[in-house]
Amino acid sequence: MALQLFNTLSRSVQEFVPLDAAGKKVGLYCCGPTVYDFAHIGNWRTFVFADLVRRHLEFKGYAVTHVMNITDVEDKIIKRVREQQTTLREFTGQYEAAFLADMQALGCRLPHHTPRATEHVAEIVALIEKLVARGVAYQAADGSVYFSIEKYRGCGCTYGRLLKLNFDEMRAGERVKSDEYEKESIADFALWKARVPEDGAVFWPSPWGEGRPGWHIECSAMSMKVLGESFDLHLGGEDLKFPHHEDEIAQSEGATGRPFVKYWLHGAHLLVEGKKMSKSLGNFFTLRDLLGKGFTGREVRCLLLSAHYRETFNFTLDGLTGARTSLARIDECVNKLRELAGGTAAAGAATELETRFAAALDEDLNISGAWAAVFDWVRETNKALAEQTLTPAAAAVALAGWERVDAVLGVGPAPAAEAPAEIVALLEARQAARKAKDFKRSDALRDELKARGWVIEDTPKGPRLKKL
Ligand SMILES: [Zn+2]
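Letter 414 of the sequence shown, counting from 1, is numbered 1204 in the working numbering, and no numbers are missing.
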């Protein structure tokens, strides 16, 4: 079945057909983090959504090139570098590393390319030069270079592709230099920002004098550098639709005269405990805050993947506890299958679970349908296990099917390292005793673990600790 996606460009669900004539390669770009602080759970919803899109495309056999920029120069960053009297690289490096570590803790596949804006100033300058040469960008009296929306529209191009803009009501014709834009105004936006004293040591040379790139232009320059002038998918949070993504289209198509992106996908907002996340309400969470409360990245991922990407999602701590219960149900079933399958090799075509799961995701990533397929499968498998009607070969087939489904969900196996160090030490001592064929001691250690609330499950991949 063909994949259907809601394309913001056409405001409709469309069949996904990649630009690649062979129908194999897919270019995917997702706007990355501005590395001035730890990413919050609302940001993570977007990145987990992008990871789901990528994984599903890979499941379907596409060779995806996933690109995510790192915005490492921007107004807020420069302000903090100044306040903390540090260097740009030192300041942004720590948050970039934290971001990538969090991304992995959430089970996201790392993008193939994570270009930094500061390392692509030459490409950005070249793109601005093209826009100036085509007459849609100009240097203003303040020394900065702006994109002219009027000139762009005058060439027959449409500004306002992702959402309908009312040019009469909006204050068209103004200019904006700040990286934080007003949502209600259509304004010429800065491509190149002339150096000001507050920038300190953060500036580069350019044909228009010293300065630094604007935020929008970096995405156009870096996405097109890696994926070409036209590519398949551009993802981001819905708050980026306007002006950021609209400006990306204008800059890119204004420079190349070619369609920039075929499918635009936008993830909806996230509420926390029913309210807009804010530090003053105490409902502002980074991933680290949640890990500090004893939740795992796996549980956070599971909860973030529980709602359709185009629906506003209410993230709650109760929801996280629910995700923990759901994962425990899956883990228990999968562990039993693993035990029964032993070393039996799996053979055969896609299982019913995979077929139902993939069909649901093909419907514009209907994740609820996909989870329903998983939990129906867990229920039926548990029933068959209880009735002892499964053969080891059937268990191996079921397990292989689950693993292919999990390659998309990305929740992975239950982490074995959750046990405290002294429990792991007891397990290791028991393994050593077994190896030495000292079964009396090995049994005694097993009993001690049990007395402390842990059972050992022997699996083909080695022993696994499970909390009683
Ligand atoms: Zn972007």
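Every residue gets a Cβ at the ideal spot worked out from N, C-alpha and C, and that includes glycine.
Every value quoted in this text rests on a predicted model; they were computed, and no experiment measured them.
Query, Result
"Nearest candidate by alpha-carbon position, reference A1140, set A1149, A1040, V857", "A1149"
"Between the CA atoms of I1157 and L1095 - distance to the nearest angstrom", "7 Å"
"Through-space distance from Q874 to E880, alpha-carbon basis", "11 Å"
"Residue interval of the alpha helix (DSSP H) (run including A1118)", "1107 to 1131"
"Buried versus exposed, by CB contacts within 10 Å (16 or more), G1018", "exposed"
"Buried versus exposed, by CB contacts within 10 Å (16 or more), N956", "exposed"
"E1089 beta carbon near ligand 1 (any heavy atom closer than 7 Å)", "no"
"As assigned by DSSP and simplified to three states, the class of K973", "In this prediction, K973 scores a pLDDT of 47, lower than 50, which makes its location untrustworthy; no coordinate-derived value is stated."
"Cα-Cα separation between V825 and A984, rounded to whole angstroms", "22 Å"
"For T908, the nearest candidate out of N859, A1097, L952, L1217 (CA to CA)", "N859"
"Coarse secondary structure for R870, derived from DSSP in three states", "helix"
"Ligand 1 site residues, beta-carbon cut 5 Å against heavy atoms", "C821, C1009"
"Cβ-based neighbour list, R1114, same chain, cut-off 7 Å, excluding 5 preceding and 5 following", "E1089"
"According to DSSP, residues forming a beta bridge with Q929", "V935"
"Validate contact between the region 1055 to 1064 and the region 1028 to 1041 using beta carbons, cut 8 Å, 3 pairs", "yes"
"Exposure of H1035, with buried meaning 16 or more beta-carbon neighbours within 10 Å", "buried"
"Selected residue, minimal CA-CA separation from I1246, among D841, V871, I1213", "I1213"
"Q894 - containing alpha helix (DSSP H), residue span", "878 to 895"
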